[in-house]
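Below is one structure, written out as structure tokens; the observations come after it.
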Amino acid sequence: MLLSILETSRDVATSTYITSILREALCLKQGKGKKCSVTNDTSGSKKRECKKTGKENVPPLSKKANNIARQQCCQHLISLNGTQVMLRTIITTHGKRDGNVGTELMLHDLVWILAALSPKDTKFAMKVRMLGCVRTMHLILKGHFTDNKLIFPLLVIMKQLAKNPVTTSILIRDGAITTYERVLVSLGFIPTARLRLCLDAIDYFSKNKVCCMQIVKTGLCSVLLRVFDRWDRYEGRMRLKICAHILQTLQHLCNIKAGRRSLCTKKHVQTLHRFCSQCPDEPEFDGLLARVCSVITLCLRHQALPVPVTSPATFNLNPILKGTNTSWPCHDDEEEAANSDSKTVNSDLDEDGPDIDIEGIDEFPDVEYDENEVKGENEDAKNQMKSADSLQTAMWINPNERDLEDLKKYFIFFKEFGSYNRQVKLVKSRSNSRGSILEDFLVTQAANKNVPSSLNLSFTTNLGSVEYDMMGSSQTPMLPGYHRIHESASTTSCSSLKIHKDISRYTSFSSVYCTIASRVKSIIPFVKVAYPDMMGGQGYNQPEPLNKMERTACRNKLLSCVDRAINPEAYMNEVVYDLDALSSLTTTNNDSTSQKSFSSDCLFLTNADEQEITKVNSFSSRLSFESRFESGNLRKVMQTGPREYELILMPDVNSIKRHQWFYFEVRNMQQGRSYIFNIVNCEKSDSQFNFGMKPVMYSVKEAVLGRPGWIRAGTDICYYRNSYHYANQKNHNKCYLTVTFNIEFPHTNDVCYLAYHFPFTYSMMLTRIWHWSSQLPLNTYLRVEALCYSINGNEVPVLTVSAEDTPSNPVVDREIIFLTARVHPGESNASWVMDGTLGYLLSDTTAAAALRAKYVFKIVPMLNVEGVINGW
11 MLLSILETSR DVATSTYITS ILREALCLKQ GKGKKCSVTN DTSGSKKREC
61 KKTGKENVPP LSKKANNIAR QQCCQHLISL NGTQVMLRTI ITTHGKRDGN
111 VGTELMLHDL VWILAALSPK DTKFAMKVRM LGCVRTMHLI LKGHFTDNKL
161 IFPLLVIMKQ LAKNPVTTSI LIRDGAITTY ERVLVSLGFI PTARLRLCLD
211 AIDYFSKNKV CCMQIVKTGL CSVLLRVFDR WDRYEGRMRL KICAHILQTL
261 QHLCNIKAGR RSLCTKKHVQ TLHRFCSQCP DEPEFDGLLA RVCSVITLCL
311 RHQALPVPVT SPATFNLNPI LKGTNTSWPC HDDEEEAANS DSKTVNSDLD
361 EDGPDIDIEG IDEFPDVEYD ENEVKGENED AKNQMKSADS LQTAMWINPN
411 ERDLEDLKKY FIFFKEFGSY NRQVKLVKSR SNSRGSILED FLVTQAANKN
461 VPSSLNLSFT TNLGSVEYDM MGSSQTPMLP GYHRIHESAS TTSCSSLKIH
511 KDISRYTSFS SVYCTIASRV KSIIPFVKVA YPDMMGGQGY NQPEPLNKME
561 RTACRNKLLS CVDRAINPEA YMNEVVYDLD ALSSLTTTNN DSTSQKSFSS
611 DCLFLTNADE QEITKVNSFS SRLSFESRFE SGNLRKVMQT GPREYELILM
661 PDVNSIKRHQ WFYFEVRNMQ QGRSYIFNIV NCEKSDSQFN FGMKPVMYSV
711 KEAVLGRPGW IRAGTDICYY RNSYHYANQK NHNKCYLTVT FNIEFPHTND
761 VCYLAYHFPF TYSMMLTRIW HWSSQLPLNT YLRVEALCYS INGNEVPVLT
811 VSAEDTPSNP VVDREIIFLT ARVHPGESNA SWVMDGTLGY LLSDTTAAAA
861 LRAKYVFKIV PMLNVEGVIN GW
């Protein structure tokens, strides 16, 4: 009823009374209320006395019940379209401007009512914009920013408008930043709720880059820093909130070049650095300290990583694309998670979203292939390469659009089901094969009726030439190393992998591993095999506690990083290890080819760590590093202090990004001394190192003493943003992050290995497959073959695990289970899970035998073999 009267009434006094009633119902009173106390009279009954009047008073509603009632009233008013009524009324009232006292009082009441409704109304900003009231609210703020009775509700309303990007753009074009600069100056430096609301709204506005430019031009940036410089005069939660809003605004300013330039002055940097040195050692200040350090590192002069932009690990992809009909997806799958604001010392703001770029590849044309290629004919395909299109279209092909002749080749990986003709009949007979690619192929062939009564096709695969008869033939294609599943018990295990050739003369795991590792092809030449991998790479198999983050240590490391960014000349930068220089020397000594590929067939890789640890201690002043072994990743090491080192990782192939996995060797350490390792080119916005994860360490001396295995090691572990900026122009305003940890080695003159997680190499997988194949349980069938070859010529194995074909349990009645692992090379835990799965399936247990008898397992244990081999 009140809303209806307010909408229809033209009497100013009536409207004023109604808005006053609504304000009483919705808004809390400003100022201190009367203090009342409860006393007992002579009769024993309780009375409420007001100190101001001393008269008996009826006990009012409790504060909690009062607040609940007001919230219910607000929600009911919003459901009755009260927000729109108030907005239309305020437009009319502000448009009169007749100087009437009643009109001014009604305007005050309307502003207070909207301030109460705006936080509760989720569509408040849209309603304001649809009614054309955005500029009206700005005009009211401009005319009343010195009015102490009205500035608070106006700031509440403007904060809600600033949360919406559309209304933010309207206000920025209307000059709201200049208005806020005047408001901030008029409020001064007194820590009030008004100051907090003003800074909060500016924080929301600054998410707009046009607004950041206006903040710089109006000089609001300097005003914000003057307010921040008085942080020690504020108290309680108000201090934390005011400082947090200012620092978030400064972080947004760092997104533009002008903002960084305005902050990168000696006076402003000193103000921020002064906070770092005077910040109290209390947990609630950790988030503020992390933000201050982030602002300093972002606004300082860009510091690039001290390595070339392009890494020595590159593939020349163009000849490969022209000479093959293989297609694969090429996506940038960067995961840019949003950082937490202020919970830990390493929290930060991630300003940029994911970017997509393919380094070293400009454009790929769409590829079309002649059918004669599938039949093995060596004719030149005239229309093989056609007009160029997008990279995604060229590289991502729907499996249902594959050439039908190309699909026929895959029957060789299901030889246990018989010849091609038998597989076709099996697919027709199975009820659960509806919708499969092979059934679609059969339906298409039947519809076209173009299948001749007898058709002999031959094609060439990576495994050799195969001939098969499509119609009526029961002959299984015979490839080198292939045997029929039901010939004899002696042929229940076979491997056609070239890398397994002539390994039978070796017996121990280490000798087999070294032989296989010497045949693996890599981009960077290997000089050794890692001792942990050669010994099996197992851990202690005992639960270990999570790392407990030490606030003081992380704070000191963060401040040290900032101090180094401000005073780089105060730190030593001596290069200890440089993979680029070592790789260039190797490349110079070898013949240059378009495709770098190093295989150690002529050089048998071994490990001499056990001999190294017996040598006389040299007591070198610096550590020695090495990573030129399988799955190793360490590009450069610089010594920055007596026992502190900065480490830079190798990026993904043909890229300047993707740094996460590390695996390297350390020598010349001394027992009882703590060494600091800072890996400075991490890219993930957050890391499990912030939540208890530790790196793993393997000591050769411990292994010789009878305690082999990887262990979790490291103290003072934290993850934070540093001062190194991206070399890519698209990400010029982004910084790398550092994972830092302290290591105290157990022995002097030891050889230790450090890794991101328990490594599982390509050679280890092949070695374990070989040992499984040599000791199979009775009636077990295992076939190992190459699914395909990687870009560098390494075999991608596929395993078939089942039981032997018997009349009582024919293989054609078994279902197929397909398992794959290790798509992401840096996630070695997937390989350990697959290793346990294979070990269980090939074990001599009743449950494993039942699984083998019921199913045929097709397993690709490692999909991204190149990533695993080369340490990405």
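The number in my numbering is simply the position in the sequence shown, starting from 1, with 10 added.
Virtual Cβ for every residue (Gly too), placed ideally from N, Cα, C.
Computed from a predicted structure; not experimentally measured.
Item, Value
"Nearest-angstrom Cα distance between Leu644 and Ala580?", "25 Å"
"Quick check for students: name the residue ranges of the alpha helix (DSSP H) that lie wholly in the region 675–731, counting only runs of 4 or more.", "710–714"
"Can you grab the Cα-Cα spacing for the pair Thr517 / Ser800, in whole Å?", "28 Å"
"Do Thr99 and Arg139 have their beta-carbon atoms positioned less than 8 Å apart in this structure?", "no"
"DSSP on Ser506, reduced to helix/strand/coil?", "coil"
"Let me confirm a value: Gly246 is counted as buried when at least 16 other C-beta atoms fall within 10 Å, else exposed. Which label applies?", "exposed"
"Taking buried to mean at least 16 other C-beta atoms within 10 Å of its own C-beta, is Leu761 buried or exposed?", "Sequence inspection shows Val at residue 761; the Leu mentioned does not correspond to that position. Buried, by the Cβ-count rule."
"Please report the straight-line C-alpha distance between Ser641 and Ile533, rounded to a whole angstrom.", "11 Å"
"Reducing DSSP to helix, strand and coil, say where Ile161 ends up.", "helix"
"Quick one: Cα of Pro553 to Cα of Arg722, how far?", "10 Å"
"Starting from Asn752, follow the beta strand (DSSP E) in both directions and report where the run begins and ends.", "745–754"
"Can you find a heavy atom of the ligand MN that lies under 7 Å from the Cβ of Met872?", "With respect to the ligand MN, the structure shown offers nothing to examine, as it has no ligands at all."
"Using CA coordinates, which residue listed in Cys303, Thr275, His283, Leu308 is at the minimum distance from Cys264?", "Leu308"
"Quick one: Cα of Leu786 to Cα of Lys868, how far?", "17 Å"
"Output the residue ranges of the alpha helix (DSSP H) runs that lie fully inside the region 196–220 and measure 4 residues or longer, sorted by chain position.", "203–215"
"Which whole-angstrom value is the C-beta distance of Lys173 and Ala135, which I expect to be below 8 Å?", "7 Å"
"Below 7 Å CB to CB, which residues in the same chain sit around Ile256 once its five sequence neighbours on both sides are set aside?", "Leu209, Leu234, Val237, Phe238"
"If I'm right that Pro769 touches Gly547 with Cβ under 8 Å, what's the distance once you round it to whole angstroms?", "6 Å"
"With H, G and I counted as helix, E and B as strand and the rest as coil, what does DSSP make of Met648?", "strand"
"With distances taken between CB atoms, is the gap from Tyr430 to Phe423 smaller than 8 Å?", "no"
"Would you report the Cα separation of Tyr685 and Arg653, rounded to the nearest angstrom?", "5 Å"
"To the nearest angstrom, how far is it from the Cα of Glu17 to the Cα of Asp184?", "29 Å"
"Can you check DSSP and say which residues form a bridge with Ile826?", "Val866"
"Apply the 10 Å Cβ neighbour rule to Glu620 and answer buried if 16 or more other Cβ atoms are within range, or exposed otherwise.", "exposed"
"Given this structure, state the Cα-to-Cα distance separating Lys130 from Val690, to the nearest angstrom.", "45 Å"
"Counting C-beta neighbours from all protein chains within 10 Å, is the total for Val585 16 or more, i.e. buried, or is it exposed?", "exposed"
"Would you kindly check if the distance between the Cβ of Thr810 and the Cβ of Leu829 is under 8 Å?", "no"
"With a Cβ-Cβ cutoff of 8 Å, do Thr281 and Ile212 count as a contact?", "no"
"How about Ile150 and His104: are their beta carbons less than 8 Å apart?", "yes"
"Do Tyr763 and Tyr729 have their C-beta atoms closer together than 8 Å?", "no"
"Within the continuous alpha helix (DSSP H) that includes Thr771, where are the two ends?", "Per DSSP, Thr771 belongs to no alpha helix (DSSP H) and is neither H nor E."
"Reducing DSSP to helix, strand and coil, say where Lys531 ends up.", "strand"
"Rounding to the nearest angstrom, what Cα-Cα distance links Asp662 and Pro835 in this structure?", "10 Å"
"Kindly indicate the opening and closing residues of the alpha helix (DSSP H) around Pro807.", "Run containing Pro807: none in the alpha helix (DSSP H); it sits in the beta strand (DSSP E), 805–813."
"DSSP three-state label for Glu636, please.", "strand"
"So, with DSSP's three-state summary, where would you put Ala540?", "coil"
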